[in-house]
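One structure is given here, and the rest of the page talks about it.
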């Protein structure tokens, strides 16, 4: 069985959620505490079949120690935003009763000129626990036919 190395808990939640929705066996997913933790984790798991999921900016850290790496461009949240569309993501936010909070963020002077994808990324990363919570919610909301390519390819490889 493969072990999936990921940067953080939000990646792990998304993978586990999608595997469950696809009726796949629960994969063994190990958050390594950021891309620099991949080397340590790979060393500790020597001899195991390892694959990785990483953000584009950190891909080299994973590629140095893993043969199979799936890359989110630029990150997990952006993959879900593309898959669901802005309206779909806003519907998930509204379902959590946080659309007013997101609109407040959008009205801040620095955010007004930013593309909505940037505003959404800021919203997900701006509050403690939001990245993990929304990773699961977005993974639940995406249609099985629209699972982002890095995630569907990773799950297919397992």
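Numbering (the working numbering), first residue to last: 46 to 203.
We put the CB at the ideal spot given by N, CA and C, even for glycine.
These numbers come from a predicted model, not from an experiment.
- Item | Three-state class that DSSP yields for residue 119 in the structure shown | Judged by DSSP in its simplified three-state form, residue 119 adopts coil rather than helix or strand.
- Query: Straight-line CA distance for residue 150 to residue 79?
  - Reply: 26 Å
- Message: Just to confirm my understanding: we take residue 61, look at its own chain, exclude 5 residues before and 5 after, and list those with CB closer than 8 Å. What are they?
- Response: 71, 72, 74
- Query: Nearest-angstrom Cα distance between residue 81 and residue 110?
  - Reply: Residue 81 and residue 110: Cα-Cα distance of roughly 10 Å.
- Proximity winner among 134, 145, 148, 118, relative to residue 188 (alpha-carbon distances): 134
- Would you call the region 142 to 149 and the region 113 to 129 in contact, with 3 or more CB pairs under 8 Å? no
- What three-state label does DSSP hand residue 138 in the structure shown? helix
- Item | Beta-carbon proximity of residue 184 to residue 59, cut-off 8 Å | Their beta carbons are under 8 Å apart, which means residue 184 touches residue 59 by this criterion.
- Query: According to DSSP, is residue 76 helix, strand or coil?
  - Reply: In the displayed model, residue 76 falls within a strand according to three-state DSSP.
- Item | Test item: CB-CB of residue 139 and residue 119 under 8 Å | no
- Query: Does the separation of the CB atoms of residue 96 and residue 152 fall below 8 Å?
  - Reply: No, the pair does not count as a contact, with Cβ atoms beyond the cut-off.
- Rounded straight-line distance, which links the Cα of residue 76 to that of residue 51: For residue 51 and residue 76, the gap between their C-alpha atoms comes out near 5 Å.
- Query: By Cβ distance, which residues of its chain are closer than 7 Å to residue 170, with the 5 residues on each side in sequence left out?
  - Reply: So the list reads 176, once near-sequence residues are dropped.
- Does the separation of the CB atoms of residue 129 and residue 56 fall below 8 Å? no
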